[in-house]
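A.B. asks:
Number of protein chains: 2
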Amino acid sequence: MANIEDVAKLANVSIATVSRVLNNKGKYSEKTKIKVLKAIEELNYKPSSQAKHLAKVKYGFKIGVLISSRIKNILEKKRNEYGEMDFYSTVLKGIYDGANENKAEIILMTFEEFINKKKECDGILVLGSDKIPDYILNCNIHKVLVDNYIVGKKINAIISNGFDGAYYVVDKMIKRNYKRIIHIHGPLEFYGFRRRFEGYELAMKQNNLLPITYEVAETQESINYIIDLILAKKPEVVFTSNDPIAIMVLNALKSKNVKVPENVQIIGFDDIVFSASTEPSLSTVKVFKYEMGNVALERVIELINGKNLHPYVTSLFTEFIERKSTKGV
Amino acid sequence: MANIEDVAKLANVSIATVSRVLNNKGKYSEKTKIKVLKAIEELNYKPSSQAKHLAKVKYGFKIGVLISSRIKNILEKKRNEYGEMDFYSTVLKGIYDGANENKAEIILMTFEEFINKKKECDGILVLGSDKIPDYILNCNIHKVLVDNYIVGKKINAIISNGFDGAYYVVDKMIKRNYKRIIHIHGPLEFYGFRRRFEGYELAMKQNNLLPITYEVAETQESINYIIDLILAKKPEVVFTSNDPIAIMVLNALKSKNVKVPENVQIIGFDDIVFSASTEPSLSTVKVFKYEMGNVALERVIELINGKNLHPYVTSLFTEFIERKSTKGV
DNA sequence: TTGTACGCGTTATCAA
DNA sequence: TTGATAACGCGTACAA
Chain P
1 MANIEDVAKL
11 ANVSIATVSR
21 VLNNKGKYSE
31 KTKIKVLKAI
41 EELNYKPSSQ
51 AKHLAKVKYG
61 FKIGVLISSR
71 IKNILEKKRN
81 EYGEMDFYST
91 VLKGIYDGAN
101 ENKAEIILMT
111 FEEFINKKKE
121 CDGILVLGSD
131 KIPDYILNCN
141 IHKVLVDNYI
151 VGKKINAIIS
161 NGFDGAYYVV
171 DKMIKRNYKR
181 IIHIHGPLEF
191 YGFRRRFEGY
201 ELAMKQNNLL
211 PITYEVAETQ
221 ESINYIIDLI
231 LAKKPEVVFT
241 SNDPIAIMVL
251 NALKSKNVKV
261 PENVQIIGFD
271 DIVFSASTEP
281 SLSTVKVFKY
291 EMGNVALERV
301 IELINGKNLH
311 PYVTSLFTEF
321 IERKSTKGV
Chain R
1 MANIEDVAKL
11 ANVSIATVSR
21 VLNNKGKYSE
31 KTKIKVLKAI
41 EELNYKPSSQ
51 AKHLAKVKYG
61 FKIGVLISSR
71 IKNILEKKRN
81 EYGEMDFYST
91 VLKGIYDGAN
101 ENKAEIILMT
111 FEEFINKKKE
121 CDGILVLGSD
131 KIPDYILNCN
141 IHKVLVDNYI
151 VGKKINAIIS
161 NGFDGAYYVV
171 DKMIKRNYKR
181 IIHIHGPLEF
191 YGFRRRFEGY
201 ELAMKQNNLL
211 PITYEVAETQ
221 ESINYIIDLI
231 LAKKPEVVFT
241 SNDPIAIMVL
251 NALKSKNVKV
261 PENVQIIGFD
271 DIVFSASTEP
281 SLSTVKVFKY
291 EMGNVALERV
301 IELINGKNLH
311 PYVTSLFTEF
321 IERKSTKGV
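Protein chains in written order, with full-length UniProt numbering: chain P, 1 to 329; chain R, 1 to 329.
1) In three-state DSSP terms, what is lysine 123(P)?
2) Output, in chain order, the set of chain P residues within a Cβ distance shorter than 7 Å of threonine 314(R).
3) Give the residues from the region 225 to 238 of chain R that approach chain P closer than 7 Å (Cβ to any Cβ), ordered along the chain.
4) Counting only beta-carbon atoms, is serine 19(P) nearer than 8 Å to chain R?
5) Against chain R, which members of the region 182 to 210 of chain P pass a CB distance test of less than 9 Å?
6) CB tyrosine 167(R) to CB valine 151(P), shorter than 8 Å?
7) Asparagine 148(R) CB to nearest chain P CB: under 8 Å?
8) With a threshold of 16 other CB atoms inside 10 Å of the CB of leucine 316(R), please say whether the residue is buried or exposed.
9) When the distance is taken between beta carbons, is isoleucine 106(P) closer than 8 Å to alanine 99(P)?
10) Three or more C-beta pairs closer than 8 Å, one from the region 173 to 189 of chain R and one from the region 153 to 161 of chain R: is that the case here?
11) In or out: tyrosine 135(P) buried (at least 16 other Cβ within 10 Å) or exposed?
12) At 4 residues or longer, and completely inside the region 148 to 218 of chain R: list those alpha helix (DSSP H) runs for me, N to C.
13) Which residues in the same chain have their Cβ closer than 7 Å to the Cβ of lysine 233(P), if we skip the five residues on either side of it in sequence?
14) Please report the straight-line C-alpha distance between alanine 51(R) and glycine 60(R), rounded to a whole angstrom.
15) If you compare alpha carbons, which of Val329(R), Asn148(R), Ser68(R) is closest to phenylalanine 114(R)?
16) Name, please, each residue of chain P whose Cβ falls closer than 8 Å to the Cβ of valine 295(R).
17) Pull up the CB-CB distance for valine 7(P) and tyrosine 45(P), whole angstroms please, since I reckon it's below 8 Å.
18) For a quick check, are the C-beta atoms of alanine 246(P) and threonine 284(P) less than 8 Å apart?
19) Measuring alpha carbon to alpha carbon, tell me which residue in Gly306(R), Ala55(R), Asn140(R) is nearest lysine 103(R).
20) Could you please give the first and the last residue of the uninterrupted beta strand (DSSP E) stretch that includes aspartate 270(R)?
21) Return the residues of the UniProt domain "HTH lacI-type" (2 to 56) of chain R that lie within a Cβ-Cβ distance of less than 7 Å from chain P, sorted by chain order.
22) Nearest to asparagine 263(R) by alpha carbon, out of Ile230(R), Phe288(R), Val287(R)?
23) Return the residues of the region 157 to 173 of chain P that lie within a Cβ-Cβ distance of less than 8 Å from chain R, sorted by chain order.
24) I'd like to know whether the C-beta of glycine 268(R) is nearer than 8 Å to at least one C-beta of chain P.
25) So is lysine 131(R) buried or exposed if we call it buried at 16+ other beta carbons inside 10 Å?
26) Starting from tyrosine 96(R), trace the alpha helix (DSSP H) both ways and give me its first and last residue.
27) Quick one, are the C-beta atoms of glycine 293(R) and glycine 94(R) less than 8 Å apart?
28) Against chain R, with Cβ distances strictly below 8 Å, would asparagine 73(P) count as a contact?
29) Are arginine 299(P) and valine 170(P) closer than 8 Å when you measure CB to CB?
30) Kindly identify the DSSP beta-bridge partner or partners of glutamate 105(R).
31) Could you pull the start and end residues of the alpha helix (DSSP H) that lysine 52(R) belongs to?
32) Quick check on tyrosine 225(P): does DSSP put it in helix, strand or coil?
33) Taking 8 Å as the CB-CB cut-off, is glutamate 120(P) touching chain R?
34) Using beta carbons (cut-off 8 Å, strictly below), is valine 91(R) in contact with chain P?
35) What is the residue span of the beta strand (DSSP E) that isoleucine 321(P) lies within?
36) Asparagine 100(R) touches chain P at which residues, Cβ-Cβ below 9 Å?
Structure below.
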């Protein structure tokens, strides 16, 4: 591969001039431009994105991290029932660590604040699955959605692979010879819940088992309401859309004097902080929150440097964390 | 962020020694090791993956690209009915171009040949969705699957986002006020077909339309067999799992004297070479083959450099290419 | 308008 | 066993 020096030599100019033409910065004559472009053409020269980054990192990047007012409240400790504070602060830690390594400055702001700070940003990360205003979605800044994916919009996104995690853990339970595995899920219009549902469904069907599913709201009442229906199915394992639901199921079973994991095993999804300290502690599928932030930051820097510009969704694999709400092997 | 020089200064050694400890290469005393590790700890030092790459690129990388014997045959022009030769050669072009930019040497080999060439590779790309032998899946080399995703195995993979593409194009047709949109698909045990199916299904349901689907084998007979059933539904649009099926539908409609796009519109998926030259030319959803190869190559280089090691699936967005088998706006 | 020289972080080589 | 240094490819401040 030719480098900038080869181009400079062939065009009979300095590398600085090549760079100027390439990036359309500074002054250069039309004649020089043509010489340089010809040399680039001839050598089939393509700047190395890695070296580009290394050279640019010196001057730093400015990355806006956009959150809804709701998430801002959560981060300010106003509420944390569902472990959301932990979730977002862990993702943010991944973002900040990545920023640190790339000499990037993070500007944390709400959706509204972005309107005035737009010009300062080389790129933005939009955090969380709250509704994103159109002026953000349509602005022409490099952007990456974090823990959110908008179907049909072709926006770069980082999410966790709920389909794969659900399939993996359900298939694992089936291999342990459990057959009556029930899935309790939140509303399927949410992409995340739906993908976990589909993973569960596929694992069951591929093993010739009948999927049994219940939709609930994420409230204790909603769970209590159907707990008898669930128990009537004599489930060996209850797999839920997320940890908060799993914990509510656990509560409901306790109040019915059903022993966990002896009589019913429970598996959640997310691995929120509380899951380690329930009684018994909750087996769950871990979402890699830190990595999610880290990968998102790296992705937006890539985009700023003009690398891998074609948009795509990044789905991080999960991991089964086995605690005491399942029986183990 | 601390750099290697800061660490060297604090530990009172040279940067070379820091590097030696870090990478466990060359000789150094236990005492030195402890000093260095302490300094690294204290400064929270993390080597920059970018700079690492730049330093490494000098010595080059060796990337194995693994293909099945079947794909090898296709590439050697033994057959090309389904545009597969074009598909794989375009992906390969993306791989080679990426390799070029990263000073990587590509070693193209079959699954069997890999057994003996394993030691030469810094990383491997496994191309295509033919069954991959376990000795490849289980070998401890950095690997990336290209146009393949194995559920539940947590292996890095690059695929095209069939779900999103299908949703996008079906939703677009619905917005053009067509309601009778039929989906003809291949066997749903293939992940790719299933995702396209799910995208179709979601777009229909979200618009309160009833999904109508037919499963077929990828043969002309299989299509001819159901063409009357399909026509009985008076479809305005027929959306298929891929271009080969779309072309067969086109043939079947022709032999029934059904005008395309006047009476029935057809949309394929993939954008294989032949799609531009059918009569009428085929509207389709383009899969970004070149980018798929390119991103895959970049990903494996990343892994070799120890960057973003947590595994994930990369799903490239698609694009609707409108030709003459649909009516346009 | 153009060129020189430096810096980014790492590692191999060679010398000590 | 350790240190000094060049090299990887690019962008830009500064000098010319």
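Where a beta carbon is used, it is the ideal one built from N, C-alpha and C, also for glycine.
These numbers were taken from a predicted model, which means no experiment stands behind them.
C.D. replies: The structure says:
1) Contrary to the premise, residue 123(P) reads as glycine rather than lysine in this sequence. Strand, per DSSP.
2) Tyr312, Thr314
3) none
4) no
5) Glu189, Arg194, Glu198, Gly199, Leu202, Ala203, Gln206
6) yes
7) no
8) buried
9) yes
10) no
11) exposed
12) 162 to 175, 191 to 206
13) Arg180, Ile182, Ile212
14) 14 Å
15) Ser68(R)
16) Asn308, His310, Tyr312
17) 5 Å
18) yes
19) Ala55(R)
20) 265 to 270
21) Lys46, Ser48, Gln50, Ala51, His53, Leu54
22) Ile230(R)
23) Asn161, Phe163, Asp164, Tyr167, Tyr168, Asp171
24) no
25) exposed
26) 84 to 101
27) yes
28) no
29) no
30) Lys62(R)
31) 49 to 57
32) helix
33) no
34) no
35) 319 to 321
36) Met1, Asn44, Lys46
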